[in-house]
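Student: When you read off a place in the sequence shown, starting at 1, and then add 410, the result is the number in the numbering used here.
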Amino acid sequence: MSIRIVTDSTCDLPPDLVRAHRITVIPTYIHTPVGNFRDGVELSRQDFYARLPGFHPAATTAAPGPEVFQAVYEQLAAEGVSEVLSIHVSSQLSAICEIASRAAAATGLIPVTVFDSRQLSLGTGFQVLAAAQFASEGLSMKEILSRLEDQIRRTHVFAALDTLEFLRRSGRMNLALSFIGTLLKIKPFLKMYAGEATAERIRTRAGAMRRLVELVHEAAPLEKIALLHSNALERAKAVLEEVKDMLPGGDILVAEITPVIGTHLGPGVIGFACITRK
């Protein structure tokens, strides 16, 4: 019996890890005034963030239709895969899980389990990697899902935004709050845990960076951590240096946040995805 893992491009996994673990990544869509693109296929993240401030009207995002997911599931069945585990960005943030579930129900060639990661970016990506590893070890679907539930309880993603402007543009926050926040130079701070998104309002960039460091220390000891940013690599590395005493062994993933999320958050985001050690 073989289980293969499917996910979407919001998971932010580097291509080398995707290839090494035989993970199938379905691109999401970015619609801009200069064209429509598949994330990670027709538009690089560096190019996207360089162009983002100048997009008028604002860029928008969209999930692939159920026919795209169904075609992927059926292709894996044709390759001899016996089961598919399809892991996606939190259903609180996107319709992708619901769309994948419709495709799974319409797929008659192979059993497909759709799993809500209740996370975003590498909070989802870490689950995808773990599931691929468990599958390669021969664990059953039930065993994999149980281990993912445990990981969800230990996973935290948090990020400091540089501006409220892109949340305002995307319609993801109240216009009056956006104006007040800009006037007071508030730096929004977002957190995601077990499907619940929460926010803090911090007055300065320096204060936001201190809060990032505090939360890494609160999550320690760490099993895994990844550095996240949107067109802010050097500042992000400086924050990583401040928590070097908390870092677990092994390579630390550094990911530029998918444009599907960056459309709403803007450039200048710095954050972490981390898993607390058992």
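Note that the Cβ used here is the ideal one computed from N, Cα and C, for glycine as well.
Output the boundary residues of the alpha helix (DSSP H) element that contains L625.
Tutor: Taken as a continuous stretch (DSSP letters only), the alpha helix (DSSP H) holding L625 covers 615 to 629.
Student: Using the rule of at least 16 other Cβ atoms within 10 Å of the residue's Cβ for burial, across every protein chain shown, is R578 buried or exposed?
Tutor: buried
Student: Helix, strand or coil for V649, going by three-state DSSP, please let me know.
Tutor: helix
Student: So, at 8 angstroms on beta carbons, what are the nonlocal neighbours of I596 in its own chain, with the 5 sequence-adjacent residues on each side left out?
Tutor: L574, I590, R611, I612, R613
Student: Hey, quick one: how far does the beta strand (DSSP E) through A604 stretch, first residue to last?
Tutor: A604 -> no beta strand (DSSP E), and no H or E assigned at all.
Student: In the DSSP assignment, find the beta strand (DSSP E) that holds A665 and state where it starts and stops.
Tutor: 663 to 666
Student: For the stretch 520 to 592, which segments carrying the beta strand (DSSP E) assignment without a break, of at least 3 residues, lie completely within its bounds, in sequence order?
Tutor: As far as the stretch 520 to 592 is concerned, its whole beta strand (DSSP E) runs of at least 3 residues are 522 to 526, 565 to 570.
Student: For L453, I'd like the list of residues in its chain whose CB is within less than 6 angstroms of its CB, leaving aside the five on either flank, ordered along the chain.
Tutor: F447
Student: Between the C-alpha atoms of L585 and A569, what's the straight-line distance to the nearest angstrom?
Tutor: Annotation note: pLDDT 42 at L585 (below 50); position unreliable, coordinate value reported separately. Their Cα atoms are separated by approximately 21 angstroms.
Student: Where does E508 fall in DSSP's three states?
Tutor: helix
Student: Are the CB atoms of L486 and V478 within a distance shorter than 7 angstroms?
Tutor: No, they are not a contact pair.
Student: Starting from G672, trace the alpha helix (DSSP H) in both directions and tell me its first and last residue.
Tutor: 669 to 675
Student: Any contact of the stretch 460 to 480 with the stretch 434 to 443, i.e. 3+ C-beta pairs under 8 angstroms?
Tutor: yes
Student: Rounded to whole angstroms, what's the CA-CA distance from V653 to I436? Just pull it up for me.
Tutor: 33 angstroms
Student: Under a Cβ-count criterion, where at least 16 other Cβ atoms within 10 Å of its own Cβ denotes burial, should P424 be classed as buried or exposed?
Tutor: exposed
Student: Between the C-alpha atoms of V522 and S496, what's the straight-line distance to the nearest angstrom?
Tutor: 7 angstroms
Student: Could you tell me how far apart the beta carbons of L532 and L625 are, in whole angstroms, since I believe they sit closer than 8 angstroms?
Tutor: About 15 angstroms; that fails the 8 angstroms criterion.
Student: So is R414 buried or exposed if we call it buried at 16+ other beta carbons inside 10 Å?
Tutor: Looking at its Cβ environment, which holds 16 or more other Cβ atoms inside 10 Å, R414 is buried.
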